[in-house]
Amino acid sequence: MAAHKNRTGDSEGRYTNLETTAGAVPTGDVVPDEVSRGRCFGLRLVMATLPVGFSEALAVLFFTQALVMAEVSNGLVGYAWLVSPLAAILVQPCAAVWSDRATWSRFGGRRKPFLLMGYFFAVLASAVLSLGSELPGNPTVYVAIGFALLFISTNLHLVMLRALVTDTVPRKAMGVYFSLQTLFYVFGAALTYAGSYVLDYEGSWWMDALRSESCSTSVCLHLRSMAVIAGCLQFVMAHSVLMLPEVVTGVPPEQRSKCCLCFKWIADFFCDLKDLLLHSTSSGLIFLASIGGFMGVAALMIHGIQLLVIDGLPPEMPIPERYATASYGLYGSMILGVVTAMVLPMIERLGLDLALCWVVSFLIFAGLLVSSLALPRVAEHKAFGVAWMVLTLGPMYATLLTIPLTLLARTGTASAALRMSMLSVSQAVAQIIVSVT
């Protein structure tokens, strides 16, 4: 380290060993080692995805309900859901390329400015969703703005937190870290579904404290209550994540002449994307396979609850009880997803091939989805519908959020954040296909 510190021209950076930090990661004077990371480095890095999962599950539960209560037509509700994938397609790759090429050192790393921006948008979204009914104007507009800001923040967080793993974690441990990030992400979603179930059946004293003349319906109160919790989680986690030690910039020699000056990074984005998908065949194949898997997840998330409520549960059940049962099923599914995320690291420990296990999981989930086509005909009680959702959505989602990330991280070391963004872009493309069809 002393030899490097004595060199002039720190902007040229240096490259860490391939076996210690994922390969050709540009660094400056400070490289996060075991001492500088601190004992809680890994826990803070993986727990940061918990509020992200909480926020995304919040959108799954309340975005459609809020628009329907505002008497928005079903067609417009479908188009409104396109905001989520469009945010992923526009935000993640652009932010990824910008951070990969960034030369900022005053912020303590190239990922932290985007993480800070994400936390700002998240807290602002929670405030808009909580207070939208109290503000002058159309409350539906504030609901749309709040969820749009929420989608932007979650995309910024996901791509930067995943890129931090590739920057600071040994290559052999990446699969474990990605699995733990998925575990806390799915656990955050489980907290949302559990909270919604409790509010449906038990209510809470503080939910009554949030009641106002302009927000007295159950949907508005539930949305306000969960948005307050989401904002608190984001605020608490922001300090922990922004204090993480990070790789401080240098720029790879091949990228030094193309730093982010003005809008030149836009052209660099298309160049990097072309190189990633065309010159790295394995990355393109992972991207296409992820689209297929996420189409099944998107179908369950967008249409699964409605199918379960309308056709999968007994018609004599009251509508509120059906929605509560569906929320409980989602909670159970996410808990099973947490278990799946805990088991996935054992695949590498046992010496099994990740790609082969991914294909096998595809076949299993495809069989479950095909069997679900018989749901309206054979479901005479709620146990079948809930079991179908539990067995399909959670484990499938956890698998898709973990194995492709590990495979993408192994396809190369350049443009780390852009590689990580490809998973969310594939998920966004799948959501658009399902929404349009």
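Take the sequence shown: its letters are residues 11 to 447, numbered as in this note's numbering.
Beta carbons are placed, not taken as given, at the ideal position from N, Cα and C, and that holds for glycine.
| Item | Value |
| --- | --- |
| Stretch-stretch touch, CB-based, cutoff 8 Å, three pairs: the segment 301-308 with the segment 434-443 | yes |
| Cβ distance (whole Å) where residue 459 is taken to contact residue 162 below 8 Å | This structure leaves residue 459 out entirely; the chain is present only between 11 and 447. |
| Environment of residue 165 [buried if 16+ CB atoms lie within 10 Å] | buried |
| Residue 128 to residue 232 span [Cα, whole Å] | 24 Å |
| Runs of alpha helix (DSSP H) lying entirely within the segment 147-230, each at least 4 residues, in chain order | 149-178, 184-211 and 215-219 |
| Alpha helix (DSSP H) segment containing residue 82, residue limits | No alpha helix (DSSP H) contains residue 82, which DSSP labels as neither H nor E. |
| Contact the segment 399-418 vs the segment 183-192: 3+ CB pairs below 8 Å | yes |
| Under 7 Å between C-beta atoms of residue 102 and residue 445 | no |
| The segment 132-149 in contact with the segment 233-253 per 3-pair CB rule at 8 Å | yes |
| Neighbourhood of residue 273 by C-beta distance below 8 Å, restricted to the same chain and skipping five residues each side | Below a pLDDT of 50, predicted positions are generally treated as unreliable, and residue 273, at 48, falls in that range; the measurement from the model is reported next regardless. There are no such residues. |
| For residue 429, three-class secondary structure by DSSP | helix |
| Alpha-carbon to alpha-carbon, residue 221 and residue 143 | 11 Å |
| Three-state secondary structure (DSSP) of residue 328 | coil |
| Residue 376, DSSP secondary structure in three states | helix |
| DSSP three-state assignment for residue 234, whether helix, strand or coil | helix |
| Anticipated Cβ contact below 8 Å, residue 427 with residue 106, distance rounded | 4 Å |
| Spatial neighbours of residue 200 in its chain, beta-carbon cut-off 6 Å, leaving aside the 5 residues before and after | 341, 344 and 345 |
| Local conformation of residue 409 per DSSP, three classes | helix |
| Buried/exposed call for residue 4, threshold 16 Cβ in 10 Å | In the structure displayed, the chain extends from 11 to 447; residue 4 sits before or after that span and is not available. |
| Integer Cβ distance of residue 480 from residue 229, believed to fall under 8 Å | There is simply no residue 480 to check, as the chain begins at 11 and stops at 447 in what is shown. |
| Environment of residue 182 [buried if 16+ CB atoms lie within 10 Å] | exposed |
| Sub-7 Å separation of residue 82 and residue 74 beta-carbons | no |
| Per-residue DSSP class, three states only, for residue 121 | coil |
| Check whether residue 443 and residue 95 have beta carbons under 7 Å apart | no |
| Nearest to residue 337 (by Cα), restricted to the options 366, 350 and 403 | 403 |
| Through-space distance from residue 203 to residue 325, alpha-carbon basis | 23 Å |
| C-alpha distance - residue 362 paired with residue 52, whole-angstrom precision | 25 Å |
| Cβ neighbours of residue 372 in the same chain (closer than 7 Å, five flanking residues each side left out) | 303 |
| Residue 224, buried or exposed, once every other Cβ within 10 Å from all chains shown has been counted against 16 | exposed |
| Close Cβ partners of residue 167 (< 6 Å) along its chain, the five nearest in sequence each way excluded | 62 and 128 |
| Residues of its chain near residue 238, where Cβ-Cβ distance is below 6 Å and the 5 sequence neighbours each way are ignored | 140 |
| Beta-carbon gap between residue 6 and residue 60 smaller than 7 Å | Since the first residue of the chain shown is 11 and the last is 447, residue 6 is not available in this structure. |
| Spatially closest choice to residue 119 from 329, 76, 178 and 85, by CA coordinates | 178 |
| Same chain, Cβ closer than 7 Å to residue 126, neighbours up to 5 away in sequence not counted | 252 |
| Min CB distance residue 252 to chain B below 7 Å | Absence of chain B from the displayed structure is noted, only one protein chain being present. |
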